[in-house]
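Peer 1: 386 is the number that UniProt numbering gives to position 386 of the sequence shown; each next residue is one higher, with no gaps.
One structure, pasted below without further comment.
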Amino acid sequence: MASMMITTYQRIAFVFFFSFLCFYNLFSRAASSRIRITRGDMIRDREGETLVSESVNFVMGFFSLDNSSSRYVGIWYYDIPGPAVIWVANRDNPIKDTAGSITVARDGNLVVLDGGMNQVWSSNVSIQNSNNSEAVLHDDGNLVLSSAKKEVWQSFENPSDTYVPGMKVPVGVPMGKSYVFTSWKSATDPSPGNYTMGVDPEGLPQIVVWEGQKRRWRSGYWDGRIFQGVYMTGGLLYGFTLNGDGRGGRYFIYNPLNGTDKVRFQVGWDGYEREFRWNEAEKHWSEIQKGPLNDCEVYNKCGSFGACDLSTSGSPVCSCIRGFEPKHRDEWDKGNSSGGCERITPLKAQRNATSGTEVSVGEDGFFDRRSMKLPDFARVISTDDCESDCLKNASCTAYANVLGIGCMVWYGELVDIQHFENGGNTLHIRLADSELGDGRRKNRIVIISAVVAGLICLGIFVWLVWRFKGKLQVLPTVSSASCCKNSDVLPVFDASKSRDMSAEFSGSADLSLEGNQLSGPEFPLFNFSCISIATDNFSEENKLGQGGFGPVYKVKMLPFIPIFHLKCNKIICSISQGKLPSGEQIAVKRLSRRSGQGLEEFKNEMMLIAKLQHRNLVRLMGCSIQGDEKLLVYEYMPNKSLDCFLFDPVKQTQLDWNRRIEIIEGIARGLLYLHRDSRLRIIHRDLKASNILLDENMNPKISDFGLARIFGGNQNEANTNRVVGTYGYMAPEYAMEGLFSVKSDVYSFGILLLEILSGRRNTSFRQSDDSSLIGYAWHLWNEHRAMELVDPCIRASSPKNKALRCIHIGMLCVQDSAAHRPTMSSVVLMLESEATALPLPTQPLITSMRRSEDREFYMDGLDVSNDLTVSMVVGR
């Protein structure tokens, strides 16, 4: 019995002892870490003491490399082994033992001392009130020294070899002054190496890596969205921004799309610029970008006027651009192309200077080389005619018009040129007239031949018309009486056919409207032959886009397209400048035979919006039916659809904050008209970026009503046995249970609002931790980082309160429960009045089954079109 009691006491004592050790370890670790250093404080290497950021993202302390006795002071990621050092203080003056320390000296500077209290490194700034100096390590890895609450020094302005998100790198700072990243000497020696990296101080913004004073690699020019000389996707594409500092200066900054990602850029000891991202699952740093990526990216690989190309053989191939030849042919043939190329025929000004008199030769011209990495040392000039200005300057050797930059010109030699398989820009290279002669003569021959052939064909056509005019009738479907009565308008069907067509289309009960939608001049029926000719027989050249219904074509822009009726001897159909006689410019949607939609959708769209009139809805001008051919004629939208701008890396910059808000509010007003203010309540069911068209003033107009449905009349008796629409935009209750209401459109509007604000597709998150844009937005919203959702190209110019309010509205619209979503009238009020209080959104779980109480709430509070089981799911 006694032995049993002893055993029990021993166990209790062991538990207490073990607990004491655990708490002691925690307290000792807490005591060894600080969040600030003030005068009199010491961080001692021997004691293992460190300085940590408030959220313990980064740590500063002593470290050594490769079992070396040399000790350095650095900053690294707290929870990542390695360590992955992002900054080193005494990189060229290591301490030989563990007797070193970090403190704030009497003069207020942060210093590193060795065991003999000798200073081996200092922040070395002038501080007036040194008694109040303190050093704090921020959560972004920036070590900041302050005096009297004013920052006097920071590590971000005195970098080592690594750039991390949040660092501001000024543009236009002379090389050697600051903000240049210097490589380590080797992988285990952080002393300054042979390579540096920074923003080019000599010209347009671009990233350059130098080896000593020589350039080794460059990123290409910044066009407001990307660096044009490297392939930028993912985080690279959406992370960098060039902002103003409010004092006339500019700076680059990088913020990852996912704020929790650990990303760093480094100029390596081997001269390569790399981007790394921490892979939490595999616990290692993944290299996701490298420069130079290949031999063609090595600076000026092929010398002056030489272009490097990898697209043909996979290995670097150097060639002289047109009008030039190798400067040293023997060396070039041996594979040494560093000598570059020289001009074969001097330019006109050079020949005049050589002869001393005016030479009677042709004018210089330009040869276009496409898909190029533009040469180094460009200048930007303000001009409306880049080509003309370049020709006026005898020293101008090339020019390029680049979206986001403007007119770029080069004087003297063209260096560091590369040909891309995809992407790049068109470079216009100045050549002597004789170097362009063959091309110019060929163009003249082609033009003359085309004119002669056209005249011959026209003569033959006129002769055939005269010879067989008694037997020809161009439009047999049109009666002579009809054409002779009305010979100057595009619609050529007579009234009886309109009534017949109307009767045919009104046969479907679920599509019929009050009154006759297709009678009278309000909804004309167009002759198919007219439309076919006006679109050049629906050629690819005139194709504007492709949807689930079918392709959309622009009416051909010809001075005059006549169609004759020979018996009447009159023009019965004409389109002038792609417009109707009344002046409206038009586009044509053609039902594709391969489309999943058919006659029902065609009739639905034609009858549904025949009399809808709203400035934010695309206007239907009429239709055309001939056999299996079915066409809808719409007003023409010159800026195509919203997705052409919103998801294009270059065009996206044209949508500034004010423009995006105007588009959001316009879409909201258009939906409100459909849901409440039109004669019938209409549910669109396919609201998405590609169905929002933009007119010449970038005003949004909702289009594509092929899937729309009407609430009212006998609609509650209709059956819907399939879910149609676009995945990613469909509300959960509609996609999963076939239930739709006005709240289904509200959900789609919420997705669209978040896409407009972020500049990203809802479906672009499939390979990320967040399954959709909704999940990503909620993740940021829940962590009070919602501003990170805003497109980086407009984030700096976005009013924070307005942007957060719009995101808040979007989160309300995409809630799982339809009953919890606002109506469009509430949404419009929220957007237009900041005085309106907003409820808190619930987390959108996107669950497969709604809770029973939500379902009952939904059924009681909404007009539901059906409660049927979905038998087939059709996505577009």
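All C-beta atoms in this analysis are idealised placements derived from N, C-alpha and C, irrespective of residue type, glycine included.
Do three or more CB pairs link the stretch 699 to 709 to the stretch 613 to 632 at distances below 8 Å?
Peer 2: With the cut-off at 8 Å, the stretch 699 to 709 and the stretch 613 to 632 touch.
Peer 1: If you count every other CB in all the chains shown that lies within 10 Å of the CB of Asp200, and 16 or more means buried, which is it?
Peer 2: Answer is buried; the Cβ neighbour count reaches 16.
Peer 1: Starting from Val111, trace the beta strand (DSSP E) both ways and give me its first and last residue.
Peer 2: From DSSP, the beta strand (DSSP E) with Val111 extends over Leu110 to Leu113.
Peer 1: Quick check on DSSP: helix, strand or coil for Tyr727?
Peer 2: Note: Tyr727 maps to coil in three-state DSSP.
Peer 1: Tell me, to the nearest whole angstrom, how far the beta carbon of Leu414 is from that of Ser304; I am working on the premise that it is less than 8 Å.
Peer 2: Indeed, because the Cβ distance is near 6 Å, the residues count as touching under 8 Å.
Peer 1: Would Arg277 and Lys290 be called neighbours here (beta carbons separated by less than 9 Å)?
Peer 2: It is not a contact, given that the beta carbons lie outside the stated cut-off.
Peer 1: For Arg343 and Ala398, what's the separation of their Cα atoms in angstroms?
Peer 2: Rounded to the nearest angstrom, the two C-alpha atoms are 13 Å apart.
Peer 1: Pick out whichever of Trp153, Pro190, Gly224 and Asn131 has its Cα sitting closest to the Cα of Lys651.
Peer 2: Residue Gly224 is the option with its Cα nearest to Lys651.
Peer 1: How about Ser101 and Ile43: do their beta carbons lie closer than 9 Å?
Peer 2: Cβ distance < 9 Å, so Ser101 and Ile43 count as in contact.
Peer 1: Would you kindly report the start and end of the unbroken beta strand (DSSP E) that includes Ala135?
Peer 2: From DSSP, the beta strand (DSSP E) with Ala135 extends over Ser133 to Leu137.
Peer 1: Based on DSSP bridge pairs, tell me the residues matched to Met372.
Peer 2: In DSSP, Met372 forms a bridge with His419 and Asn425.
Peer 1: For Leu840, which option in Pro792, Gly108, Asn782 and Lys392 has the closest C-alpha, if you only look at C-alpha atoms?
Peer 2: Minimum Cα distance to Leu840 is reached at Asn782.
Peer 1: Can you tell me whether Val73 is buried or exposed, with buried defined as 16 or more other CB within 10 angstroms of its CB?
Peer 2: Under this definition Val73 is a buried residue.
Peer 1: According to DSSP, is Val742 part of a helix, a strand, or is it coil?
Peer 2: DSSP places Val742 in helix when its eight states are reduced to three.
Peer 1: For Gly115 and Ala99, what's the separation of their Cα atoms in angstroms?
Peer 2: If you take the alpha carbons of Gly115 and Ala99, they lie about 4 Å apart.
Peer 1: Met736 lies in the alpha helix (DSSP H); which residues open and close that run?
Peer 2: From DSSP, the alpha helix (DSSP H) with Met736 extends over Pro732 to Glu737.
Peer 1: Does DSSP classify Glu541 as helix, strand or coil?
Peer 2: In the structure shown, Glu541 sits in a helix (DSSP, three-state: H, G or I).
Peer 1: Does the beta-carbon of Phe461 have 16 or more other beta-carbons within 10 angstroms, so that it is buried, or is it exposed?
Peer 2: Phe461 comes out exposed.
Peer 1: In the DSSP assignment, what residue or residues form a beta bridge with Met42?
Peer 2: Per DSSP, Thr103.
Peer 1: Have a look at Phe526 and Thr535 and give me their C-alpha separation to the nearest angstrom.
Peer 2: Taking the straight line from one Cα to the other gives about 13 Å.
Peer 1: How about Trp269 and Ser183: are their beta carbons less than 9 Å apart?
Peer 2: A contact, by the Cβ cut-off of 9 Å.
Peer 1: What does Phe324 pair with, by DSSP beta-bridge criteria?
Peer 2: In the DSSP output, where bridge partners are listed per residue, Phe324 has Arg343.
Peer 1: Using DSSP's beta-bridge definition, name the partner residues of Ala398.
Peer 2: DSSP lists Trp410 and Ile429 as partners of Ala398.
Peer 1: What is the rounded straight-line gap between the Cα of Ser529 and the Cα of Lys543?
Peer 2: Each residue's Cα considered, the two are about 17 Å apart.
Peer 1: On a Cα-Cα basis, can you pick out the residue from Ser371, Arg430 and Ile381 that is closest to residue 895?
Peer 2: Outside the shown range of the chain (1 to 876) lies residue 895, about which nothing can therefore be said.
Peer 1: Could you tell me the boundaries of the beta strand (DSSP E) in which Leu694 lies?
Peer 2: Ile692 to Leu694 is the extent of the beta strand (DSSP E) around Leu694.
Peer 1: Applying the criterion that 16 or more other CB atoms from any shown protein chain within 10 Å of the CB defines a buried residue, is Arg329 buried or exposed?
Peer 2: When all chains shown are included, Arg329 counts as exposed.
Peer 1: Excluding the 5 residues flanking Glu696 on each side, which residues of the same chain have their C-beta closer than 6 Å to its C-beta?
Peer 2: Once the five neighbours on either side are set aside, the close Cβ partners of Glu696 are Pro638.
Peer 1: In the DSSP output, what is Tyr553 paired with across the bridge?
Peer 2: Answer is Lys543 and Val588.
Peer 1: Just to confirm, are Arg821 and Val828 a CB contact at a threshold of 9 Å?
Peer 2: Contact: no.
Peer 1: Roughly how many whole angstroms lie between the Cα atoms of Val111 and Gln213?
Peer 2: About 31 Å.
Peer 1: DSSP has Ser122 in a bridge; who is on the other side?
Peer 2: Ser122 is bridged to Val111.
Peer 1: Under 9 Å, do Val555 and Lys589 count as touching if we go by C-beta distance?
Peer 2: No.
Peer 1: Would you say His614 and Arg660 are within 9 Å of each other, going by their C-beta atoms?
Peer 2: No, the Cβ-Cβ distance between His614 and Arg660 is not below 9 Å.
Peer 1: Note down the Cα distance separating Arg760 from Thr354, rounded to an integer number of angstroms.
Peer 2: Near 58 Å, if we compare the C-alpha coordinates of Thr354 and Arg760.
Peer 1: Go ahead and label His419 buried or exposed: buried means 16 or more other beta carbons lie within 10 angstroms of its beta carbon, across all protein chains shown.
Peer 2: Its Cβ being crowded by 16 or more others within 10 Å, His419 is buried.
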